[in-house]
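Structure, as structure tokens:
Protein chains in written order, with our numbering: chain A, 1 to 195; chain B, 196 to 457.
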């Protein structure tokens with residue numbers, strides 16, 4: 001059975017406070033990392049995970065007021081061969097909204113050490129570009145303020161979004177502007193960046 | 196048993212709590228996140244070892260109505276051997292003495308030079324909270340510093356308010372001294388003034404029960420006054436002990452002074 005989900009990984013919960021917040025948003029995501037590039041060396045990285053949550057009412061002139069509680073844990077490790085290894089998520093270092101669209105992101109520190117190259121064949125590296133060494137889940141709760149929708153908003157209670165996120169995604173319904181913009185952000189920014 | 200403190204960044208990295216009001220008095224949704232650091236290592240690939248970990252989440256509650264916990268491994272290592280590494284279970288409890296929320300985790304490991312350095316957790320709970328906690332005001336004379344130059348955000352950054360547990364330390368050699376450990380932090384809730392003073396109300400909403408607490412107020416660099424700054428408690432009990440019959444203490448007031456004439 002498929003669920004009728006418009007925006008996967010984002011759940012908005014109306015709350016009464018504390019002021020000035022009126023919304024609690026639960027954001028979930030999954031990311032990959034290719035980890036250490038030199039066997040036997042512990043390498044540490046700072047990462048940024050950009051979500052599909054965009055703050056409604058975001059205005060570039062106003063710094064958003066928000067508070068967050070975020071956790072990241074390992075969802076998968078390997079593949080690797082027999083060796084000594086370390087996979088570590090050290091800490092969640094911060095969160096914020098990128099200043100162009102108001103898209104929510106989380107920053108964190110990770111570290112890895114592997115004993116051998118994940119694949120001996122250089123051809124495999126070339127084909128895949130990089131070999132993910134481990135994956136992690138992110139769950140962030142965000143206290144924020146979003147202007148409430150009006151009950152007579154024509155965008156409410158229309159459309160069928162069950163196809164989004166499935167293998168054969170199709171945009172249905174009668175709200176093309178909102179859905180197209182959200183989908184474009186999801187595709188272009190729902191990825192991991194490393195600095 | 197490994198005991199960790201969410202207020203100590205060396206024991207729990209990046210611990211964060213947010214609270215949402217649900218429209219019912221003395222009932223809140225609390226969301227706790229962090230990466231706990233048990234740094235538990237073994238060196239045996241022939242047996243499976245188990246270890247219990249307790250994380251003091253440092254929030255005082257009267258009861259837990261509902262909760263769910265997500266979590267998993269965050270930092271693991273193995274040195275070329277068969278291995279088993281697991282977070283077996285997560286559970287939530289209330290410390291019967293202090294009424295603080297306690298996260299209970301069971302770990303398992305097997306392998307040579309194998310360990311769980313860190314695990315992540317996220318606790319979502321709907322809790323019954325104490326009505327008041329500790330509250331009071333911080334005052335200073337207008338001549339000392341013009342408080343109107345600070346934004347609300349700067350005011351909250353300027354005053355670090357904490358409830359502290361006191362331990363009397365008697366080293367084998369040297370003087371006896373008191374060691375203060377912060378167990379709950381306060382927040383400013385407004386800005387007022389009267390004829391002579393600027394006044395900042397504050398609250399410490401989650402101070403633990405059944406232990407003597409000393410409230411401390413530290414003043415940051417944004418408070419630009421001439422002379423050395425001194426903060427003293429001017430009303431209210433010291434120390435303060437909360438319990439189920441005395442859940443809140445008000446009028447724990449402080450005054451900021453300078454040590455040279457202005």
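Every residue, glycine too, gets a C-beta built ideally from N, C-alpha and C.
Please confirm if residue i has its CB atom under 8 Å from at least one CB of chain A.
{"i": "residue 313(B)", "result": "yes"}
{"i": "residue 209(B)", "result": "yes"}
{"i": "residue 212(B)", "result": "yes"}
{"i": "residue 442(B)", "result": "no"}
{"i": "residue 241(B)", "result": "no"}
{"i": "residue 330(B)", "result": "no"}
{"i": "residue 267(B)", "result": "yes"}
{"i": "residue 201(B)", "result": "no"}
Nearest to residue i by CA position, among the options, is which residue?
{"i": "residue 431(B)", "options": "448(B), 272(B), 407(B), 419(B)", "result": "448(B)"}
{"i": "residue 464(B)", "options": "370(B), 451(B), 402(B), 230(B)", "result": "Residue 464(B) is absent from the model: chain B starts at 196 and stops at 457."}
{"i": "residue 196(A)", "options": "149(A), 5(A), 136(A)", "result": "This structure leaves residue 196(A) out entirely; chain A is present only between 1 and 195."}
{"i": "residue 281(B)", "options": "196(B), 263(B), 313(B)", "result": "313(B)"}
{"i": "residue 251(B)", "options": "244(B), 377(B), 346(B), 454(B)", "result": "377(B)"}
{"i": "residue 357(B)", "options": "240(B), 315(B), 403(B)", "result": "403(B)"}
{"i": "residue 206(B)", "options": "142(A), 91(A), 110(A)", "result": "91(A)"}
{"i": "residue 420(B)", "options": "310(B), 198(B), 342(B)", "result": "342(B)"}
{"i": "residue 217(B)", "options": "434(B), 441(B), 331(B), 323(B)", "result": "323(B)"}
{"i": "residue 109(A)", "options": "64(A), 133(A), 47(A)", "result": "47(A)"}
{"i": "residue 299(B)", "options": "249(B), 263(B), 309(B)", "result": "249(B)"}
{"i": "residue 408(B)", "options": "220(B), 386(B), 362(B), 307(B)", "result": "362(B)"}
{"i": "residue 263(B)", "options": "317(B), 307(B), 201(B)", "result": "317(B)"}
{"i": "residue 400(B)", "options": "275(B), 236(B), 294(B)", "result": "294(B)"}
{"i": "residue 285(B)", "options": "254(B), 279(B), 303(B), 291(B)", "result": "303(B)"}
{"i": "residue 39(A)", "options": "84(A), 75(A), 45(A)", "result": "84(A)"}
{"i": "residue 383(B)", "options": "230(B), 335(B), 370(B), 347(B)", "result": "347(B)"}
{"i": "residue 61(A)", "options": "98(A), 10(A), 26(A)", "result": "98(A)"}
{"i": "residue 272(B)", "options": "261(B), 234(B), 287(B), 370(B)", "result": "234(B)"}
{"i": "residue 208(B)", "options": "107(A), 93(A), 32(A), 57(A)", "result": "93(A)"}
{"i": "residue 392(B)", "options": "335(B), 410(B), 440(B)", "result": "335(B)"}
{"i": "residue 414(B)", "options": "387(B), 242(B), 398(B), 453(B)", "result": "453(B)"}
So with Cβ pairs under 8 Å, would you call residue i a contact of chain B?
{"i": "residue 91(A)", "result": "yes"}
{"i": "residue 104(A)", "result": "no"}
{"i": "residue 29(A)", "result": "no"}
{"i": "residue 168(A)", "result": "Caution applies to residue 168(A), whose pLDDT of 36 falls short of 50 and renders its modelled position unreliable; the value that the coordinates give is listed next. False, the Cβ-Cβ gap to chain B never drops below 8 Å."}
{"i": "residue 71(A)", "result": "yes"}
{"i": "residue 17(A)", "result": "yes"}
{"i": "residue 143(A)", "result": "yes"}
{"i": "residue 165(A)", "result": "Bear in mind that a pLDDT of 44 at residue 165(A), under 50, signals an unreliable position, so the model cannot answer this."}
{"i": "residue 82(A)", "result": "yes"}
{"i": "residue 25(A)", "result": "no"}
{"i": "residue 86(A)", "result": "yes"}
{"i": "residue 74(A)", "result": "yes"}
{"i": "residue 4(A)", "result": "no"}
{"i": "residue 192(A)", "result": "Note on residue 192(A): pLDDT 40, under 50, position unreliable in the model; no value is reported."}
Quick check: residue i and residue j, are their CB atoms within less than 8 Å of each other?
{"i": "residue 50(A)", "j": "residue 86(A)", "result": "no"}
{"i": "residue 28(A)", "j": "residue 139(A)", "result": "yes"}
{"i": "residue 459(B)", "j": "residue 444(B)", "result": "What the structure shows of chain B is the stretch from 196 to 457, and residue 459(B) is not part of that stretch, so it cannot be assessed."}
{"i": "residue 259(B)", "j": "residue 320(B)", "result": "yes"}
{"i": "residue 18(A)", "j": "residue 214(B)", "result": "yes"}
{"i": "residue 495(B)", "j": "residue 69(A)", "result": "As displayed, chain B neither begins before 196 nor continues past 457, which places residue 495(B) out of reach and without an answer."}
{"i": "residue 315(B)", "j": "residue 266(B)", "result": "yes"}
{"i": "residue 297(B)", "j": "residue 246(B)", "result": "no"}
{"i": "residue 149(A)", "j": "residue 21(A)", "result": "no"}
{"i": "residue 277(B)", "j": "residue 240(B)", "result": "yes"}
{"i": "residue 405(B)", "j": "residue 438(B)", "result": "yes"}
{"i": "residue 54(A)", "j": "residue 105(A)", "result": "no"}
{"i": "residue 244(B)", "j": "residue 305(B)", "result": "yes"}
{"i": "residue 199(B)", "j": "residue 231(B)", "result": "yes"}
What whole-angstrom Cβ distance do residue i and residue j have, given they're in contact under 8 Å?
{"i": "residue 24(A)", "j": "residue 113(A)", "result": "So it is not a contact: roughly 38 Å between Cβ atoms."}
{"i": "residue 289(B)", "j": "residue 256(B)", "result": "7 Å"}
{"i": "residue 89(A)", "j": "residue 416(B)", "result": "Rounded, the Cβ-Cβ distance is 33 Å, inconsistent with contact."}
{"i": "residue 354(B)", "j": "residue 395(B)", "result": "6 Å"}
{"i": "residue 253(B)", "j": "residue 202(B)", "result": "5 Å"}
Query - chain A contacts from the stretch 216 to 231 of chain B (Cβ-Cβ distance under 8 Å) - result: 216, 217, 218, 224, 226, 227, 228, 229, 230
Query - Proximal residues, the stretch 270 to 287 of chain B versus chain A, C-beta separation under 7 Å - result: 270, 271, 272, 273, 274, 275
Query raised in the report: In the stretch 44 to 65 of chain A, which residues sit with their C-beta less than 8 Å from some C-beta in chain B, listed in chain order?
Result: none
Query raised in the report: Using a beta-carbon distance cut-off of less than 8 Å, what residues from the stretch 343 to 374 of chain B approach chain A?
Result: none
Requested in this report: Closer than 8 Å, Cβ to Cβ, to anything on chain A: give me those residues from the stretch 291 to 317 of chain B, in chain order.
Outcome: 308, 312, 313, 314, 315, 316, 317
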